[in-house]
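In the working numbering, the protein residues as written are 408 to 616.
This report concerns only the one structure given below.
Below, the structure is given as structure tokens:
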């Protein structure tokens, strides 16, 4: 099992101030831009003046080597339920690594967060067996990133998507399946990390306040 160097659980950040400070324009490619998370992330980045290339299911992240050329950041929020999850996410991560993009942000799952040292949510006895292959597929992709020399980060909700948009969030490494976070607030957290790269080679979770 891949061991990630995670933040301490009490690290907190907020966003959504009335006068946010944005970084100079960055060229960003968003893979999975036709999905809910990808759509909101692309919109949040564009609203901050960044140049965004949106890539949908076709040609997909497998074309990262050509489509990501010249971009500063690649964001991956992809899924293909017709494929074996491990094969798909390894392939996706390999394409991102080989693209040469300086920074890679992958949208992940809270099920890969630890509930105890060395024990992730997916490793717990009560975790539904039918959901395990998808979570472990994501983990296979993260392992590809971890074995690379790229600057990468996995960002996930701490729990589920839902709730009411507040314009604020907190960062954590503690999973909370009861926490509901909107796509809008999650996208602002991702955009903040693009504007000010703070976390590297790990997974962080975003939770509602």
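Don't be surprised by glycine CBs; every beta carbon is placed ideally from N, CA and C.
These numbers come from a predicted model, not from an experiment.
What residue does the beta strand (DSSP E) around residue i start on, and which one ends it?
i           : result
residue 523 : 521–523
Can you check which of these residues, the options, is closest to residue i by C-alpha distance?
i           : options            : result
residue 528 : 550, 465, 580      : 580
residue 551 : 437, 539, 503      : 503
residue 361 : 593, 605, 610      : Residue 361 cannot be examined here, being either before or after the span of the chain that is shown, 408 to 616.
residue 609 : 478, 508, 462, 553 : 553
residue 442 : 487, 493, 533, 612 : 487
residue 557 : 456, 481, 432, 570 : 481
residue 555 : 518, 500, 545      : 500
residue 510 : 561, 586, 523, 518 : 561
residue 522 : 532, 505, 469      : 532
residue 546 : 571, 519, 604      : 519
Could you check where the alpha helix (DSSP H) with residue i kicks off and where it finishes?
i           : result
residue 592 : 590–602
residue 486 : Residue 486 -> no alpha helix (DSSP H), and no H or E assigned at all.
residue 607 : Residue 607 -> no alpha helix (DSSP H), and no H or E assigned at all.
How is residue i classed by DSSP in three states: helix, strand or coil?
i           : result
residue 481 : strand
residue 558 : strand
residue 579 : strand
residue 568 : strand
residue 586 : coil
residue 510 : strand
residue 455 : coil
residue 531 : coil
residue 526 : strand
residue 540 : helix
residue 573 : coil
What are the partner residues of residue i, as DSSP defines its beta bridges?
i           : result
residue 563 : 612
residue 462 : 438
Quick one: residues in its chain with C-beta nearer than 7 Å to the C-beta of residue i, no 5 flanking neighbours on either side, listed in chain order?
i           : result
residue 449 : 437, 440, 459, 461
residue 432 : 456, 457, 458
Apart from the five residues on each side of it in sequence, which residues of its chain come closer than 6 Å, Cβ to Cβ, to residue i?
i           : result
residue 584 : 566
residue 396 : An answer regarding residue 396 cannot be provided, because it is not within the stretch 408 to 616 covered by the chain.
residue 596 : 576, 613
residue 475 : 436, 481, 506, 508
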